[in-house]
Amino acid sequence: MSEPSNQTLKRTLGPVMLWGLGVGYVISGMYFGWNLGLEQGGTLGLAISTGFIIVMYVTFTFGYTELACAIPKAGGAFDYAHKALGRRWGFLAGMAQNIEFIFAPPAIAFAMGAYFQLFLPTVPVLTVAIISYILFTGLNISGVRAAATFELVITALAVLELLIFAGVTLPHFEFENLKINALPNGFQGAFAAIPFAIWFFLAIEGVANVAEETINPQRNVLIGFGSAILTLVVLCILTFLSSVGVGGWEAVVYPEPGAEASDSPLPLALRQIVGEGHFLFHLLITIGLIGLLASFHGIILAAGRATFEFGRVGMAPRGLGKVHRKFRTPANALVFNMGIGIVALLTGRTGEIITIACFGALTLYVIAMISLFALRRREPELIRPFKVPFYPWFPAIALIIASVALAAMTIYNPWLALIYLSMLAVAYGYFRIFVEGRDQKV
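With the numbering used here applied, the sequence shown has no gaps in its numbers, which climb one by one up to 627 at the end.
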């Protein structure tokens, strides 16, 4: 049976658009957030955790691509776990995904406000963040192709600016700068830095959430996913080395000795070379803001699809599963997510919001890889246009690293872990009482 017209998304996206979305979801992680991991682990500690996280994301991406090509639905991990492990595990995967995608944009919005203040110091960070939420939610409602085209353009500009930044800073790179206070908190700092290593790549899996709006998803999702993760790994390594290599890690964390950690590390690195009055410094701020917009806008897009799918299948109020009559986009889900995001903004805690988003991401990765193994065993005849290479090693490596990272984050962030688990518990209680209870009465 076909789905009602008010629950059907329109297919308009090709592989180039998917590359733009995949890189765009993540690229803000190159511009801010990762440097907070230097405060925890120093250069060596963050480098160690980032190395393991790169291995996790590369192996995970191959496995997730198999799932996305076999089950091209807007719910992403929710749909995969639902099919492989049943409704309850599907619900938990979907909630973890929603927490990741809904909590990442507020953290990015804070950084946008911080970058914008470098131009207009009198404009409050919170004002910029809230206005951005309203504008970009409206853009996403207006149509997925318009949203994806905008995302592609600003992502290309953001990538170009990172390459320009590397070109300016690498001639001043000195290996000795990487050794300065390289492990300030011992090797345990590498574990504490895990959320900020994840921030380099957080939300790349959002490509899967637009599979239902992709032309020939069994082919194009593979191309878009693969090219995006390759681009991001190169940019991660380049940005890390070119930033810290200029003057040591403390210079891209603290604007001045004794100050609070900054949300704009690249300008801190660049000003050591060209000064704050140079046009390259202002260019970085301008396009750096565009890079943040790319991720902010892109994750809002993916979050809308994830919440929409939850509503469409009845795991959340069904009004969230409706599409706009004119634009064929999940307008209700987008507005709902914006409301939660603005509430999160009011807390004013960037690092904590990043960590909660990472808890959601790692839970998603663990359940997704378990789902892949379960589907291989239970449904060997499922049509799989793409199969993960080196099976079962690649998904097993992703599963092990994600599990260890989740455990380490829980140990080093017990209160945030409790908040995250409380969110899952409340949502699961809603599911058991209202969703399963309703279905049993029918």
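From the three backbone atoms N, C-alpha and C, an ideal C-beta is built for every residue, glycine too. All values derive from a computational prediction rather than experimental measurement.
Exposed or buried, what is residue i when buried is set at 16 or more other beta-carbons lying within 10 Å of its beta-carbon?
i, result
"Val627", "Unreliable placement is indicated for Val627, whose pLDDT of 48 sits below 50; the coordinate value is still reported in the next sentence. Exposed."
"Met186", "Note that Met186 has pLDDT 41, beneath the 50 cutoff, so the model's placement of it is unreliable and the number below is only indicative. The residue in question, Met186, is exposed, as its Cβ has fewer than 16 Cβ neighbours within 10 Å."
"Ser190", "For Ser190, the predicted structure reports a pLDDT of 49, less than 50, and the residue's modelled location is therefore unreliable. A value from the coordinates is still provided. Looking at its Cβ environment, which holds fewer than 16 other Cβ atoms inside 10 Å, Ser190 is exposed."
"Ser317", "buried"
"Gly614", "exposed"
"Arg497", "buried"
"Lys364", "exposed"
"Trp204", "buried"
"Gly391", "buried"
"Leu606", "exposed"
"Lys258", "buried"
"Leu345", "exposed"
"Arg617", "exposed"
"Leu347", "buried"
"Pro291", "buried"
"Ala444", "exposed"
"Ala610", "exposed"
"Pro643", "Residue 643 lies beyond the stretch modelled for the chain, which goes from 186 to 627, so this question has no answer here."
"Ala592", "exposed"
"Trp578", "exposed"
"Gly409", "buried"
"Thr532", "exposed"
"Arg510", "exposed"
"Thr312", "exposed"
"Ile319", "exposed"
"Phe276", "buried"
"Phe372", "exposed"
Considering Cα atoms alone, identify which of the options is closest to residue i.
i, options, result
"Arg569", "Ala253, Leu198 and Phe245", "Ala253"
"Met500", "Phe247, Ile238, Thr244 and His267", "His267"
"Phe385", "Gly218, Phe616, Ile555 and Ala553", "Gly218"
"Pro452", "Ile470, Leu547 and Leu531", "Ile470"
"Pro402", "Gly199, Leu420 and Leu206", "Gly199"
"Thr424", "Leu203, Ala255 and Ala351", "Ala351"
"Ile414", "Ile582, Phe247 and Pro442", "Phe247"
"Ile586", "Ala382, Cys421, Ala446 and Leu465", "Ala382"
"Phe495", "Thr540, Gln282 and Phe245", "Gln282"
"Val429", "Leu229, Ile555 and Val208", "Leu229"
"Ala628", "Gly298, His357, Gly483 and Phe276", "Here the chain comprises residues numbered 186 to 627, so residue 628 is not present and cannot be evaluated."
"Thr540", "Ile604, Tyr249 and Leu355", "Ile604"
"Phe358", "Trp434, Ile389 and Val395", "Trp434"
"Ala487", "Ile293, Ala393 and Gly298", "Ala393"
"Tyr597", "Thr312, Phe376 and Tyr550", "Phe376"
"Ile555", "Ile485, Ala583 and Ala396", "Ala583"
"Ile315", "Val528, Glu336 and Gly622", "Val528"
"Ala396", "Ile538, Ala590 and Tyr265", "Tyr265"
"Leu468", "Leu342, Glu224 and Ile326", "Leu342"
Per DSSP, what are the beta-bridge partners of residue i in this structure?
i, result
"Leu198", "Thr399"
Could you tell me the boundaries of the alpha helix (DSSP H) in which residue i lies?
i, result
"Lys268", "Ala262 to Leu270"
"Thr312", "Val310 to Ile326"
"Met500", "Unbroken run through Met500: none, as it is neither H nor E."
"Pro380", "Ile379 to Ile383"
"Leu505", "First-last for Leu505: undefined, no H or E at that position."
"Ile212", "Ile212 -> no alpha helix (DSSP H), and no H or E assigned at all."
"Phe521", "Ala516 to Leu530"
"Leu362", "In the sequence as presented, Leu is not what sits at residue 362; that position holds Asn. Here the alpha helix (DSSP H) through Asn362 covers Phe360 to Leu363."
"Ala255", "Leu221 to Ala255"
For residue i, is the beta carbon positioned less than 7 Å from some heavy atom of the ligand COA?
i, result
"Ser213", "With respect to the ligand COA, the structure shown offers nothing to examine, as it has no ligands at all."
Under 8 Å, Cβ to Cβ, is there at least one residue of chain B near residue i?
i, result
"Val353", "Annotation note: the requested chain B is absent from the structure, which comprises a single protein chain."
Let me know the alpha helix (DSSP H) ranges lying completely inside the region 391-458, each 4 residues or longer, listed in chain order. List check, alpha helix (DSSP H) in window: 402-432.
Please go through the region 558-611 and give each complete alpha helix (DSSP H) segment of 4 or more residues, from N-terminal end onward. If we require 4 residues or more, the alpha helix (DSSP H) runs fully inside the region 558-611 come out as 578-597.
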